[in-house]
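Numbering (numbering that gives the first Met the number 0), first residue to last: 0 to 169.
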Amino acid sequence: MIDLVHQSEHQAPVCLWIAQHIEAINAQLTRYLQACHDCFHTWEQPTIQIFAAPLARSFGLDAFCNFQTKPISILIDVGRMKPKNWLLAVVHEYAHAHVGSPGHDQAFARSLTHLCLGLGIVPPQSLSEDRLRCYPNYLPTPNSLAFWRGETEDWRLSVTNSYFSSESLS
Ligand SMILES: [Zn+2]
Numbered sequence: 000m001i002d003l004v005h006q007s008e009h010q011a012p013v014c015l016w017i018a019q020h021i022e023a024i025n026a027q028l029t030r031y032l033q034a035c036h037d038c039f040h041t042w043e044q045p046t047i048q049i050f051a052a053p054l055a056r057s058f059g060l061d062a063f064c065n066f067q068t069k070p071i072s073i074l075i076d077v078g079r080m081k082p083k084n085w086l087l088a089v090v091h092e093y094a095h096a097h098v099g100s101p102g103h104d105q106a107f108a109r110s111l112t113h114l115c116l117g118l119g120i121v122p123p124q125s126l127s128e129d130r131l132r133c134y135p136n137y138l139p140t141p142n143s144l145a146f147w148r149g150e151t152e153d154w155r156l157s158v159t160n161s162y163f164s165s166e167s168l169s
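Here it is as structure tokens:
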């Protein structure tokens with residue numbers, strides 16, 4: 000599932016960049032995860048860990064909720080979307096974790112709508128599985144490799160002034 004780090008020409012810059020930045024990125028994702036938790040009562044909150052990772056292209060997903068692990072693991076390829084959209088990917092995967100299944104059925108729609116309303120995101124208008132599969136929408140970045148090689152703008156510039164910045168939560 001994890002790619003890039005095994006391709007020899009990218010291995011050194013990608014691994015070096017990850018080593019220096021992954022902790023701060025995972026901390027940001029954990030803030031978003033907590034924002035999702037805060038939409039539910041304590042007893043309704045699934046136990047989840049969340050990590051950023053470069054996912055293999057062949058896998059065909061930007062983010063993934065793994066129910067095989069304990070706790071449930073959410074993996075997000077943060078290089079595939081603009082930093083200001085990371086929350087949207089977390090919300091989608093959290094809804095899966097909350098329902099406890101990878102499907103995009105009506106139970107998923109209810110959880111997703113609840114999260115959207117709680118977090119000020121426009122809730123899904125269509126409840127068809129095809130639409131829910133990629134909701135909330137975000138524009139993919141042209142080249143996820145650039146992010147993992149540290150060649151894009153510093154992600155902290157995009158999230159620092161947002162509602163979920165570390166300043167406003169501390
Ligand atoms: Zn999904």
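Beta carbons are placed, not taken as given, at the ideal position from N, Cα and C, and that holds for glycine.
This structure is a prediction, so every number in the text was calculated from the model and none was measured.
Beta-carbon proximity of P122 to L131, cut-off 8 Å: Going by C-beta atoms, P122 is not nearer than 8 Å to L131.
Residues of its chain near D37, where Cβ-Cβ distance is below 7 Å and the 5 sequence neighbours each way are ignored: Non-local C-beta neighbours of D37 in its own chain, meaning closer than 7 Å and more than five positions away in sequence, are absent.
Inter-stretch contact (C-beta, 8 Å, three-pair minimum) for the region 44 to 51 and the region 17 to 34: They touch, by the three-pair rule.
Closer than 7 Å: R130 CB and nearest ligand 2 heavy atom: Ligand 2 is not part of the structure shown, which contains ligand 1 as its ligands.
Any alpha helix (DSSP H) of 4 or more consecutive residues that is wholly inside the region 30 to 99: As summarised for the region 30 to 99, the continuous alpha helix (DSSP H) elements at least 4 residues long and confined to that stretch are 85 to 98, given in chain order.
heavy atom of ligand 1 below 7 Å from C97 C-beta: Residue identity differs from the one stated: residue 97 is His in this sequence, not Cys. Not under cutoff, so the answer is no.
Straight-line gap, L74 to L118 (C-alpha atoms, nearest Å): 21 Å
Cβ-Cβ separation, W154 to W16 (assumed contact under 8 Å), whole Å: About 11 Å; that fails the 8 Å criterion.
Check whether P45 and A88 have beta carbons under 8 Å apart: no
Best match in L126, E152 and V98 for proximity to E43 [C-alpha to C-alpha]: V98
Alpha-carbon spacing of Q10 relative to L144, whole angstroms: Near 11 Å, if we compare the C-alpha coordinates of L144 and Q10.
Spatial distance of E152 from S57 (CA atoms): 26 Å
Cut-off 7 Å between Cβ atoms - residues of its own chain near L28, not counting five sequence neighbours on either side: I49, A51, I75, W85 and V89
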